[in-house]
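Following this note's numbering, the numbering of the sequence shown begins with 3 at its first residue and continues without gaps.
Backbone N, C-alpha and C fix where the C-beta goes; we use that ideal spot for every residue, glycine too.
What you are looking at is a predicted structure, and each value in this text was computed from that prediction instead of being measured.
Structure record follows, encoded as structure tokens.
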Amino acid sequence: MRHLLNTTEFSRDEVLEMIHLGMAMKAEPEKFRTTLEGKSIVTLFEKQSLRTRVTFDVGAYRLGAHAVYMDQQNGVMGQRESIKDYARNLSRWCDGIVARVYDHNTLLELSRHGSVPVINALCNLYHPCQVLADYMTVMEHYDDVTKVKLAYFGDGNNMTHSLLITGAILGSTVTAVCPRGEGPDAAIFNIAADIARKSGAKLAVTDQVADVRGFDIAYTDTWVSMGDNTPLDVVRSKFMPYQVNRQLLEDTGIRHVLHCQPAHRGYEITDEVMDGPWSIVYDEAENRLHAQMAVMATLVNQKRD
Ligand code: CP
Ligand code: NVA
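The structure is reproduced here in structure tokens:
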């Protein structure tokens with residue numbers, strides 16, 4: 003049984019195949035209306051969501067499936083009953099589990115004990131579905147993804163990790179530009195770097211904005227992720243030099259801006275950039291729908307072991 007937990011489960015060709023399937027679904031949605039006919043997919047959320055929650059639900063419906071939404075009323079998984087029992091029960095009724103969790107280990111447990119595919123809808127370490135949509139958006143603007151240079155600005159977090167891993171699989175260039183001490187997790191960077199050695203991707207971490215002069219895409223995300231209650235104003239002065247604003251885009255020559263959203267306007271990104279000609283963030287948000295339809299179509303139709 004194959005899962006999407008951190009994208010390392012997939013080869014370059016398989017990632018490209020999912021992105022191209024998402025593009026085909028975007029272009030001709032009517033062709034895929036019965037792809038998952040009669041299937042039921044649980045969408046479990048321990049944390050808040052707008053985009054992920056709605057796009058999995060709408061995407062399941064458009065493929066002929068049914069989404070069963072379970073919100074935070076159930077609390078953190080493993081408290082009312084074991085994650086093992088949770089996974090075994092859900093596997094008797096449903097054909098896939100989409101889960102947004104606090105702890106990546108919860109996803110590992112679900113995948114170990116269930117008998118249906120598990121799709122990571124964000125955890126503390128990764129956000130793989132977001133980055134499939136991100137690279138789908140990149141590929142709508144650039145013919146050759148191996149030549150695209152993406153600079154991630156801000157906090158080294160779950161987004162940074164998934165960008166590094168997926169960029170590495172695709173053979174692309176990804177540089178994380180983060181304040182000293184706030185870069186990506188070293189062990190996860192090393193996983194991505196191992197993949198990059200084989201694919202020819204170029205990965206780096208720096209605290210110098212000048213290192214990404216001539217790059218194509220700026221990516222940013224919140225300076226404080228869900229699960230951390232630090233007020234943004236407490237970290238503002240540390241992260242402000244990495245804010246994606248007009249000056250940074252002019253200094254680097256970067257032409258396109260991505261943001262997974264929710265955006266904190268005036269913090270990691272300015273209104274001017276979010277609403278300006280560089281921004282492709284709403285295409286990116288739309289593509290969550292198409293990319294995740296491709297993920298569900300690829301994984302939910304597998305035969306059970
Ligand atoms: N980008 C993203 O995952 O958005 P939500 O948290 O609203 O789902
Ligand atoms: N890094 C953010 C991503 C939100 C989509 C978080 O985990 O809150």
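Report the residue from the options whose alpha carbon sits nearest the alpha carbon of residue i.
| i | options | result |
| --- | --- | --- |
| MET228 | GLY40, HIS22, LEU38, PHE47 | PHE47 |
| ALA26 | PHE155, ALA194, GLU142, GLY202 | GLU142 |
| ASP105 | SER239, ASN160, ALA188 | ASN160 |
| GLN210 | ALA67, ASN76, LEU250 | LEU250 |
| GLU11 | VAL176, MET138, LEU110, GLN245 | LEU110 |
| MET79 | ALA198, LEU92, ALA212 | LEU92 |
| LEU38 | GLN75, GLN304, THR57, LEU65 | LEU65 |
| HIS115 | HIS5, ARG290, ASN76 | HIS5 |
| CYS312 | GLY77, VAL60, THR45 | A question about residue 312 goes unanswered here, because the residues of the chain that appear run from 3 up to 307. |
| VAL54 | HIS292, ASN247, LEU205, ASN303 | The sequence given here has Thr at residue 54, not Val. The option with the nearest alpha carbon to THR54 is HIS292. |
| VAL264 | LEU52, PHE191, ARG90, ALA67 | Per the sequence shown, the amino acid found at residue 264 is Pro instead of Val. Out of LEU52, PHE191, ARG90, ALA67, LEU52 has the C-alpha closest to the C-alpha of PRO264. |
| ALA170 | THR272, ASN247, TYR137 | TYR137 |
| ASP277 | ARG14, ARG248, LYS240, ASP73 | ARG248 |
| ALA135 | ALA299, ALA287, ASN303 | ALA287 |
| ALA212 | GLU184, ALA188, PRO243, ALA194 | PRO243 |
| LEU124 | GLU32, ILE282, GLN50 | GLN50 |
| GLU184 | GLN74, PHE241, VAL100 | PHE241 |
| ALA69 | TYR88, VAL100, GLN81, ILE282 | VAL100 |
Should residue i go down as buried or exposed, given a rule of 16 or more other Cβ atoms within 10 Å for buried?
| i | result |
| --- | --- |
| THR36 | exposed |
| HIS308 | What the structure shows of the chain is the stretch from 3 to 307, and residue 308 is not part of that stretch, so it cannot be assessed. |
| TYR221 | buried |
| TYR284 | exposed |
| VAL297 | buried |
| ARG199 | exposed |
| ARG102 | buried |
| VAL133 | buried |
| TYR71 | exposed |
| GLY77 | exposed |
| ALA29 | exposed |
| VAL275 | buried |
| GLY24 | buried |
| VAL56 | exposed |
From which residue to which residue does the alpha helix (DSSP H) around residue i run?
| i | result |
| --- | --- |
| ARG114 | 106-115 |
| VAL236 | 234-241 |
| LEU172 | 160-172 |
| LEU205 | Element bounds for LEU205: not the alpha helix (DSSP H) but the beta strand (DSSP E), 204-208. |
| TYR284 | 283-302 |
| ALA189 | 188-201 |
| LEU260 | Careful: LEU260 lies outside any alpha helix (DSSP H), inside the beta strand (DSSP E) at 258-261. |
When you compare the CB positions of residue i and residue j, do they come within less than 8 Å of one another, or not?
| i | j | result |
| --- | --- | --- |
| HIS261 | ASP223 | yes |
| SER113 | VAL147 | no |
| ILE85 | ALA62 | no |
| LEU301 | GLY98 | yes |
| ALA178 | TYR154 | yes |
| PHE58 | GLN294 | yes |
| ASN289 | THR139 | yes |
| TRP280 | HIS258 | yes |
| PRO181 | VAL207 | no |
| GLU270 | GLN245 | yes |
| ALA195 | LEU205 | yes |
| CYS157 | TRP225 | Reading off the sequence shown, one finds Asp at residue 157, where the question assumed Cys. Cβ atoms of ASP157 and TRP225: closer than 8 Å. |
| ARG14 | SER201 | yes |
| VAL309 | LEU152 | Outside the shown range of the chain (3 to 307) lies residue 309, about which nothing can therefore be said. |
What are the start and end residues of the beta strand (DSSP E) that includes residue i?
| i | result |
| --- | --- |
| ASN122 | 120-122 |
| TYR221 | 219-222 |
| SER93 | First-last for SER93: 85-95, but that is the alpha helix (DSSP H), not the beta strand (DSSP E). |
| TYR154 | 151-155 |
| MET79 | First-last for MET79: undefined, no H or E at that position. |
| SER42 | 42-47 |
| ILE99 | 98-102 |
| VAL176 | 175-179 |
| VAL70 | 68-72 |
Practice item. Kindly confirm or deny that the segment 209-223 and the segment 251-262 touch, where touching means at least three C-beta pairs closer than 8 Å. Key: In the pairwise beta carbon analysis, the segment 209-223 is classified as touching the segment 251-262: at least three pairs are separated by under 8 Å.
Practice item. Could you say if the segment 156-166 and the segment 120-133 meet the contact criterion of at least three C-beta pairs nearer than 8 Å? Key: Short answer: they touch.
Review point. Would you call the segment 104-121 and the segment 234-245 in contact, with 3 or more CB pairs under 8 Å?
Key: The segment 104-121 is not in contact with the segment 234-245.
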